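*Asks:*
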Amino acid sequence: MGGVKVERRGRIVVAVLDNPPVNAFSDDMRRELLACIEDINDDEAAHVMILAAAGEKAFCAGADLNELRDLTPETRRERSEELTRTWLKIESIRIPVVCAIGGAAIGAGTVIASLCDYRIASEHAFFSYPEIDRGTVGGGGVFMRRTGVPPGVIREALYTGRRFSAAEALAVNLVDRVVPSSQLMETAERLADAMAAKSRQALILTKKAIVATETELDWEAAYRKTHPLAAEATRVLAAKKASSRED
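With the numbering used here, letter number 81 in the sequence shown gets 81, and the count goes up by one each step, no holes.
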């Protein structure tokens, strides 16, 4: 039962994804992250959030595959809708979010990072959308548009499923800074401290203005369109597997 550990450091809220061994994005983690966001948005003393993860192996290694095995087409569709609401809720966090990415950020892990305001990666971090290798659609990849990743790079990530190293991610604007693993949290905290010294209201209004310009790209509408496609691809793949077993 993995979730999110929350710690308060003055004006800074530190939320740590904690689901050993690779911080898979389970339903428990999703619910606890949503609860954390609700608290932060209502907390007048919170100026900045740091989003990090326990361990050095992975920031978040994507969906919890154990929870996906028994999904029916209907429950899979419901899960997709829940994920859509989750991503939009992360985007709605009112205060700046500094993301500290150590290790693997796969699928949902890359989505979560993309929705944060500032992304710091360890030198050993990597990013990927492997859904294509499972015969489905990595719809969350459209959120990379929010960070300024070029369209061709997004297509490469989604069409091939290949890994992007921290250095590559920095070169294409998927992350903002790469540091040695030993300096990851220190760097995130130093940046958060600088932000936390500012007026909460000024931070909120500044973020609101920035997000307003980003959403002109209409990435939200693009993401919503991908989910029916993902559900259909999964249905077709399941039908093919069932047919091959019968043969």
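A virtual CB, placed ideally from N, CA and C, is assigned to each residue, including glycine.
Just so we're clear, the structure is a prediction, and the values are computed from it rather than from any experiment.
Between 189, 124, 119 and 110, which lies nearest to residue 161 when the distance is taken from Cα to Cα?
*Replies:* Of the listed residues, the one whose Cα sits closest to residue 161 is 110.
*Asks:* Under DSSP, the beta strand (DSSP E) around residue 129 begins and ends at which residues?
*Replies:* Taken as a continuous stretch (DSSP letters only), residue 129 belongs to no beta strand (DSSP E), as it is neither H nor E.
*Asks:* In terms of alpha-carbon separation, which member of 15, 133 and 88 lies closest to residue 99?
*Replies:* Residue 99 has its Cα closest to that of 15, out of 15, 133 and 88.
*Asks:* Please report the straight-line C-alpha distance between residue 7 and residue 189, rounded to a whole angstrom.
*Replies:* Distance between the alpha carbons of residue 7 and residue 189 is about 13 Å.
*Asks:* Thinking residue 108 and residue 175 are a contact (beta carbons under 8 Å), I'd like their distance in whole angstroms, please.
*Replies:* Rounded, the Cβ-Cβ distance is 17 Å, inconsistent with contact.
*Asks:* If we ignore side chains and look at the alpha-carbon of each, how far apart do residue 95 and residue 47 end up?
*Replies:* One C-alpha to the other measures close to 6 Å.
*Asks:* For the stretch 55-66 and the stretch 16-28, state whether three or more C-beta atom pairs, one from each stretch, are separated by less than 8 Å.
*Replies:* Result yes; three or more Cβ-Cβ pairs closer than 8 Å.
*Asks:* Using a 10 Å radius around the Cβ and a threshold of 16 neighbouring Cβ atoms, would you call residue 159 buried or exposed?
*Replies:* Residue 159 is exposed by the Cβ-count criterion.
*Asks:* Tell me the DSSP bridge mates of residue 49?
*Replies:* Bridge partners of residue 49: 13 and 97.
*Asks:* Identify whether residue 77 lies in helix, strand or coil by the three-state DSSP scheme.
*Replies:* In this structure, residue 77 counts as helix in the three-state DSSP scheme.
*Asks:* For residue 5, name the three-state secondary structure that DSSP assigns.
*Replies:* Residue 5 falls in the strand class under three-state DSSP.
*Asks:* Once you ignore the five residues that flank residue 173 on each side, which residues in its own chain have a CB closer than 6 Å to its CB?
*Replies:* Cβ within range, chain order: 147, 148 and 149.
*Asks:* So, with DSSP's three-state summary, where would you put residue 179?
*Replies:* Residue state, collapsed to three classes: strand.
*Asks:* Between which residues of its own chain and residue 254 is the CB-CB distance below 8 Å, once the five residues before and five after are set aside?
*Replies:* The question about residue 254 has no answer, for the chain in this structure spans 1 to 247.
*Asks:* Distance, Cα to Cα, residue 206 vs residue 44?
*Replies:* Taking the straight line from one Cα to the other gives about 16 Å.
*Asks:* Going along the chain, which unbroken runs of the alpha helix (DSSP H) with 4 or more residues stay wholly within the stretch 145-200?
*Replies:* Complete alpha helix (DSSP H) runs here, min 4: 151-160, 166-171 and 184-196.
*Asks:* If I measure Cβ to Cβ from residue 9 and keep anything under 7 Å in the same chain, skipping five residues before and after, which residues do I get?
*Replies:* Within the same chain, residue 9 has no close Cβ partners at all.
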